[in-house]
Amino acid sequence: DIVLTQTQLSSPVTLGQPASISCRSSQSLVHSDGKTYLSWLQQRPGQPPRLLIYEASNRFSGVPDRFSGSGAGTDFTLKISRVEAEDVGIYYCMQATQFPWTFGLGTKVEI
Amino acid sequence: QAQLVQSGAEVKKPGASVKVSCKASGYTLIGYYIHWVRQAPGKGLEWMGRIYPSSGGTDFAQKFQGRVTMTRDTSINTIYMELRRLRSDDTAIYFCARGRPFGLDVWGQGTTVTVSS
Numbered sequence: 004d005i006v007l008t009q010t011q012l013s014s015p016v017t018l019g020q021p022a023s024i025s026c027r028s029s030q031s032l033v034h035s036d037g038k039t040y041l042s043w044l045q046q047r048p049g050q051p052p053r054l055l056i057y058e059a060s061n062r063f064s065g066v067p068d069r070f071s072g073s074g075a076g077t078d079f080t081l082k083i084s085r086v087e088a089e090d091v092g093i094y095y096c097m098q099a100t101q102f103p104w105t106f107g108l109g110t111k112v113e114i
Numbered sequence: 243q244a245q246l247v248q249s250g251a252e253v254k255k256p257g258a259s260v261k262v263s264c265k266a267s268g269y270t271l272i273g274y275y276i277h278w279v280r281q282a283p284g285k286g287l288e289w290m291g292r293i294y295p296s297s298g299g300t301d302f303a304q305k306f307q308g309r310v311t312m313t314r315d316t317s318i319n320t321i322y323m324e325l326r327r328l329r330s331d332d333t334a335i336y337f338c339a340r341g342r343p344f345g346l347d348v349w350g351q352g353t354t355v356t357v358s359s
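In order, the protein sequence lines correspond to chains P and U. Per my numbering, residue 4 is the first one in the first sequence, and the count goes up by one each step. Per my numbering, residue 243 is the first one in the second sequence, and the count goes up by one each step.
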């Protein structure tokens, strides 16, 4: 199975400041169709996960533009340009390149 | 808009089975996979498997093979996930989610399953 390793933030973030979360895959996430099926999800406390970014860098419908994704191959990053209070939660990367689909362990964002 | 609504919380004894439903609205059920993901208390997300409502075809994570069944009733736009031979470590919130090639774009609200003697 593909293992996704996420970094943890060293400390709470400050409102209005940027935050960056990394996700490293144990194998390349480039699918045979040429696409990279790495997505980022946000889970606010008590809520189901919500899709933020798909195919590593595409913002999903309705997601604020302060969220952006980048990376290729095995290394990926989610960036929040200016953290807002509503961004508190746990962020997961997920790969859909190979079965079984797998998730990172999550990165907690707290203010 | 597309929505998935799941059945209510369940409490089961070890060794029993649980069947969770997931009703789709706002889109054509048969056009998309439905995946099941679970989350143990205070833990991360775990992919269990998926069903293609049009054909009923399924794929499961090896961990759940032989213990999970996913079925559908397209007449009422509902997907079911049954987990058998429950253990205490099956205590979790179970989510259904709509699958796209790139990931999971619509999620149900989650169903809490508690396994306790």
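Beta carbons are placed, not taken as given, at the ideal position from N, Cα and C, and that holds for glycine.
I'd like the ranges of any beta strand (DSSP E) spanning at least 3 consecutive residues and lying wholly in the segment 40 to 108 of chain P. 41 to 46, 53 to 57, 70 to 75, 78 to 83 and 92 to 98
Looking at chain U, which residues of the segment 94 to 111 of chain P have a Cβ within less than 8 Å of any of its Cβ atoms? Y95, M97, A99, F102, P103, W104, T105, F106, G107, L108 and G109
Name, please, each residue of chain U whose Cβ falls closer than 9 Å to the Cβ of L12 of chain P. Per Cβ cutoff of 9 Å: no residues; L12 of chain P is ~16 Å from chain U at best.
In angstroms, rounded to a whole number, what distance separates the CA positions of V16 of chain P and V112 of chain P? 7 Å
Can you tell me where the beta strand (DSSP E) holding Q248 of chain U begins and where it ends? Q245 to Q248
Between the alpha carbons of G291 of chain U and D301 of chain U, how many angstroms are there, rounded? 5 Å
Just how far apart, CA to CA, sit E58 of chain P and Y275 of chain U? 18 Å
Going by DSSP in three states, F337 of chain U sits in which element: helix, strand or coil? strand
Just verifying my parser: in three-state terms, what is the DSSP assignment at I318 of chain U? helix
With 7 Å as the C-beta to C-beta threshold (strictly closer), list the residues of the segment 256 to 267 of chain U near chain P in chain order. none
What's the call for A266 of chain U, buried or exposed, on a 16-neighbour Cβ count within 10 Å? buried
Which value, in whole angstroms, describes the spacing of the CA atoms of P52 of chain P and G268 of chain U? 19 Å
If contact means a Cβ-Cβ distance below 9 Å, which residues of the segment 329 to 355 of chain U contact chain P? I335, F337, A339, G341, R342, P343, F344, G345, L346, D347, V348, W349, G350, Q351 and G352
Closer than 9 Å to chain U by CB, S42 of chain P: yes
Does any C-beta atom of chain U lie closer than 9 Å to the C-beta of R53 of chain P? yes
Interface residues of chain P facing L271 of chain U [CB-CB closer than 7 Å]: Simply none; closest approach about 19 Å.
Can you pull the chain P neighbours of A251 of chain U, defined as C-beta to C-beta under 8 Å? Simply none; closest approach about 14 Å.
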